[in-house]
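Enquirer:
Protein chains: 2
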Amino acid sequence: MASSSKSRPILAFDLGGSQLRVGLVTAKGKVIGRTIEPTRAEEGPKRVIARIEGMGKALVVEHGTGKPIAVAAAVASPLDDRGTLHHPPNLAGWKTVPFKAMLARHFKLPVAMGNDATVAALGEHVFGDGRGVDDLVYLTVSTGIGGGVITGGRLLTGAWGMAGELGHIFLAPEGPLGKCGHRGCLESLACGEMIAERAKEAVEAGRKTSLAKLTPKAIKTKDVFEAAREGDIVTKEIVQAAATYLGRGIASLVHVFNPRKVILGGGVTKSWDLIQTTVEKTARGLLLPGFNKRLEIVRTRFGEDIGLLGATALAIRELQLK
Amino acid sequence: MASSSKSRPILAFDLGGSQLRVGLVTAKGKVIGRTIEPTRAEEGPKRVIARIEGMGKALVVEHGTGKPIAVAAAVASPLDDRGTLHHPPNLAGWKTVPFKAMLARHFKLPVAMGNDATVAALGEHVFGDGRGVDDLVYLTVSTGIGGGVITGGRLLTGAWGMAGELGHIFLAPEGPLGKCGHRGCLESLACGEMIAERAKEAVEAGRKTSLAKLTPKAIKTKDVFEAAREGDIVTKEIVQAAATYLGRGIASLVHVFNPRKVILGGGVTKSWDLIQTTVEKTARGLLLPGFNKRLEIVRTRFGEDIGLLGATALAIRELQLK
């Protein structure tokens, strides 16, 4: 312990739609410490980078580590192989942002950067339940929905680094309008923000729910899960509808990838006990014979640290750290 | 030419839901000759293998080649890495069939075997429009719908060889019942057999279509496309609905794989001129920014020989032929 906190860690961060999480992580995947702030994407990339630096410096002081040797970034955005973000639907106001280059200039350190859910798949493969599993799908169900895939032991990247946008598989012609501007993608049907949105609509429509005591605008995803947990019918329906679509999406991905494990993470899976049965029953019920038996569908054991660990796994691989 | 037909070819076959195609192919991807029969799956695997042998022998005599050096098989079935078929929905009555082992015993030759659409992706990558393209999705729209994927230059196989069942991505909660026993998969919405099925239903429902002159049971997919081509409204609607779902499925696959090319083949794409606009417009219209610009969506240049070429590409790779 003492030696790992004295050695020089990796400055890892996970920039999500709601939270900015900054941590110091060892190359062995031990999170020495982490600190969390709201993302505040509206401040723009430069201010966000300055805050990451400040949060990192405070952690170095608090834990008495050496200066970080590299920056490892997980970002909730489609991004290409040069580390340019492309219109992240969950980072309001960000369009085309050469974020990796900006980070390298600012920190004067080697930078590894990947999509948050993509690197989470790598984090599971290197540090978690995906060790020794050469074919796995990771799905993060958070403010938005993203994914990452290990196939044949390698991270799926695609022709220009944008593969794994699993939240944008199409599931319903009559589905609601998503943040991406299209109807019927998995994200529009099952992400945290949309679960809250459906609850707001229910309250506004005067449906009989325990959330009616809140002003619709104030309803958060966690309020919906709390109400459902307490037996509220309307919110239970909303949660189960989202879980059903998650199961359908997972069935699609299993037919596509034939993975041995599907690992779920992200804020919505904090309520895994409420959705697991529906997710798993729906997914398994749709599978062709032969896909089901050796398949496991599990929740990440890393909770909200998975982004930090994924970014670290990427940095170790790309920057040859050890 | 003379030398290639005198040398010993590969005995390739493509066992589809409707047709059994047997060919002699050189290791350079030249189809020396091919012959076609109806599949007649109901005869069972043994009789089908005997027919393949007979068709192959006739081709060897006709083209004066040497005895085949290997058997290369493309089969319209989910199959695992031992070459066992699992409940092929398009080969009626076949359940769990150790087809590769049966072929090896029968022919006493090395056998390479893959799912028809999976190996088609490899055929494109080795011999076709996918040369030099390390990320491509191949989609066959035929009696059923299948797929194959090259990612990072490698054939996607999955944990136990069943990856690429792209016809079974879920697209519509209220979709029709597919041959797989589930509702709303791409195959149930857009494959050749289902296009014919929708036309039968339209005739039976008394809708005003030029196909009403046929007995519903006799309507084939090609009849539907012919009627649509001649301007028949009802069949045009059926064809465009299928094309729309194809586009939606392609959008999902592009978000998942970020391919540089999507290549379509199979009987339905004989009418590519009727569906291309809808397929491409729907797919591209659903894509997130960044996925579209360098993406090409094309039809295979190999027509119905693609299965033979795919099986050959697999044999070359697996059996180290040259």
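Here the protein sequences line up with chains A and B, keeping their order.
Residue numbers are given in our numbering: position 166 of the first sequence equals residue 166, and the series is strictly consecutive.
Residue numbers are given in our numbering: position 60 of the second sequence equals residue 1060, and the series is strictly consecutive.
The beta carbon of each residue, even a glycine, is placed where N, CA and C say it ideally should be.
Predicted, not measured: the structure shown is a model, and the values here were computed from it.
Say whether chain B places a C-beta atom closer than 8 Å to the C-beta of A:H86.
Expert: Under the Cβ criterion of 8 Å, A:H86 is counted among the residues facing chain B.
Enquirer: Less than 6 Å between C-beta atoms, sequence neighbours within five positions excluded: which residues of the same chain meet that for A:S271?
Expert: F225
Enquirer: Could you check whether the Cβ of A:V256 sits closer than 8 Å to any Cβ belonging to chain B?
Expert: yes
Enquirer: Run down chain B in chain order and give the residues with a C-beta less than 7 Å from the C-beta of A:M162.
Expert: N1258, G1290, F1291
Enquirer: Grouping DSSP H, G and I as helix and E and B as strand, with all else coil, what is B:K1329?
Expert: Only positions 1001 to 1322 of chain B appear in the structure, and residue 1329 of chain B is not among them; the question remains open.
Enquirer: Could you check if B:K941 is buried or exposed, using at least 16 other CB atoms within 10 Å of its CB as the buried criterion?
Expert: Residue 941 of chain B is absent from the structure shown; chain B starts at 1001 and stops at 1322.
Enquirer: Measuring alpha carbon to alpha carbon, tell me which of A:L274, A:T215, A:S210 ends up nearest A:A241.
Expert: A:L274
Enquirer: Among residues of its own chain, excluding the 5 on either side of B:V1111, which ones have a beta-carbon nearer than 6 Å to its beta-carbon?
Expert: V1071, K1100, L1103, A1104
Enquirer: How is the alpha helix (DSSP H) around B:V1048 delimited, first residue to last?
Expert: 1045 to 1063
Enquirer: Look at A:S7 and A:G66 and say whether their C-beta atoms are less than 8 Å apart.
Expert: yes
Enquirer: Whose CA, out of B:V1126, B:I1219, B:A1163, B:H1255, lies closest to the CA of A:A152?
Expert: Reading the sequence as shown, one finds Gly at residue 152 of chain A and not Ala. Cα-wise, what sits closest to A:G152 is B:A1163.
Enquirer: Note down the Cα distance separating A:T84 from A:L214, rounded to an integer number of angstroms.
Expert: 40 Å
Enquirer: Given 8 Å as the limit, is there contact between the stretch 1020 to 1028 of chain B and the stretch 286 to 306 of chain A, that is, 3 or more CB pairs closer than that?
Expert: no
Enquirer: The beta strand (DSSP E) that contains B:V985, what's its start and end?
Expert: Residue 985 of chain B lies beyond the stretch modelled for chain B, which goes from 1001 to 1322, so this question has no answer here.
Enquirer: Let me check understanding here. Comparing Cα to Cα, which of B:A1117, B:T1269, B:L1321 lies closest to B:A1243?
Expert: Nearest of B:A1117, B:T1269, B:L1321 to B:A1243, Cα basis: B:T1269.
Enquirer: Any beta carbon of chain B sitting closer than 8 Å to that of A:S252?
Expert: yes
Enquirer: Between the beta-carbon of A:G161 and the beta-carbon of A:A76, is there less than 8 Å?
Expert: no
Enquirer: Which residues mark the beginning and the end of the alpha helix (DSSP H) in which B:L1214 is found?
Expert: Careful: B:L1214 lies outside any alpha helix (DSSP H) and carries neither H nor E.
Enquirer: Compare the C-alpha of B:V1279 against each of B:S1252, B:E1204, B:I1052 and name the closest.
Expert: The shortest C-alpha separation from B:V1279 is found at B:S1252.
Enquirer: Checking contacts by CB at 8 Å: is B:F1170 closer than that to chain A?
Expert: yes
Enquirer: Cβ of A:L171 within 8 Å of Cβ of A:L264?
Expert: Contact check for A:L171 against A:L264 fails: the beta carbons are separated by 8 Å or more.
Enquirer: May I have the straight-line CA-CA distance separating B:E1237 from A:G114, to the nearest angstrom?
Expert: 43 Å
Enquirer: Which of the three DSSP states is assigned to A:Q240 in this structure?
Expert: helix
Enquirer: On a CA-only basis, which of A:G44, A:L59, A:R47, A:P45 is nearest A:I36? Give me that one, please.
Expert: When A:G44, A:L59, A:R47, A:P45 are compared, the shortest CA-CA separation from A:I36 is found for A:L59.
Enquirer: What residues from chain A crowd round B:T1118, counting only those whose CB sits closer than 9 Å?
Expert: Here the premise fails: no neighbours, minimum Cβ distance about 11 Å.
Enquirer: Quick check on the burial criterion: 16 or more other C-beta atoms within 10 angstroms. Buried or exposed for B:T1096?
Expert: When all chains shown are included, B:T1096 counts as exposed.
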